[in-house]
Amino acid sequence: MDVAEKSCVQLCPVDCIYEGARTMYINPNECVDCGACRLECRVGAIYWEEDLPEDQREHLADNAAFFSEILPGRTEPLGNPGGYSNVGRVGVDTPMIAAMPPNAK
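Residue numbers for the sequence shown, in this note's numbering: 76 to 180.
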């Protein structure tokens, strides 16, 4: 969160990593679990679901909510738009991320 490191986006073979306002979200319905993004992520923010640290578990459901719930300022859920390149920067986050204090850079 609050880190604009997008090397994972460029490497994703199915273009399933989307940009909110403060963080990136992986569409669980579009992801093919190849692991390319995990290996490329320079900030260590991507985990296999079973390896997600206990203190980060809330982000699993929140990440999915980015695609399934109506986000602030939008009229419908993002859903499965078929790739980041089809929608570009979404520019809004889930309420959970938006409410978090900024990370020190």
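Note that beta-carbon positions come from the ideal geometry of N, C-alpha and C, so glycine has one too. Fair warning: this is a prediction, and the values are worked out from it, not measured in the lab.
First and last residue of the alpha helix (DSSP H) that includes residue i?
{"i": "Y159", "result": "159-162"}
{"i": "C106", "result": "Unbroken run through C106: none, as it is neither H nor E."}
{"i": "L127", "result": "L127 -> no alpha helix (DSSP H), and no H or E assigned at all."}
{"i": "V84", "result": "82-86"}
Please state whether DSSP places residue i in a helix, a strand or coil.
{"i": "E151", "result": "coil"}
{"i": "M76", "result": "coil"}
{"i": "M175", "result": "coil"}
If you drop the 5 nearest sequence neighbours on each side, which residues of the same chain put their C-beta closer than 6 Å to that of residue i?
{"i": "D137", "result": "T169, M171"}
{"i": "P156", "result": "V162"}
Straight-line CA distance for residue i to residue j?
{"i": "R97", "j": "A140", "result": "15 Å"}
{"i": "R149", "j": "M99", "result": "18 Å"}
{"i": "P177", "j": "V107", "result": "31 Å"}
{"i": "A111", "j": "L153", "result": "24 Å"}
{"i": "E105", "j": "I92", "result": "9 Å"}
{"i": "E129", "j": "E151", "result": "31 Å"}
{"i": "E133", "j": "R117", "result": "22 Å"}
{"i": "G83", "j": "C109", "result": "The residue you asked about is not Gly; residue 83 is Cys in the sequence shown. Straight-line Cα distance between these residues: approximately 12 Å."}
Please work out which residues of its chain come closer than 8 Å, Cβ to Cβ, to residue i, disregarding the five sequence neighbours upstream and downstream, and give them in chain order.
{"i": "Q47", "result": "In this structure the chain extends from 76 to 180, so residue 47 is not present and cannot be described."}
Who does residue i pair with in a DSSP beta bridge?
{"i": "Y122", "result": "Paired residue(s): none; Y122 is not in a bridge."}
From which residue to which residue does the beta strand (DSSP E) around residue i run?
{"i": "I145", "result": "First-last for I145: undefined, no H or E at that position."}
{"i": "E94", "result": "92-94"}
Given residue i, which residues of its chain have a CB within under 7 Å of its CB, disregarding the five upstream and five downstream residues?
{"i": "D90", "result": "G158, Y159, S160"}
{"i": "M76", "result": "R97, T98, I172, M175, N178"}
How about residue i: is its Cβ closer than 7 Å to a heavy atom in the ligand GTP?
{"i": "W123", "result": "The ligand GTP is not part of the structure shown, which contains no ligands of any sort."}
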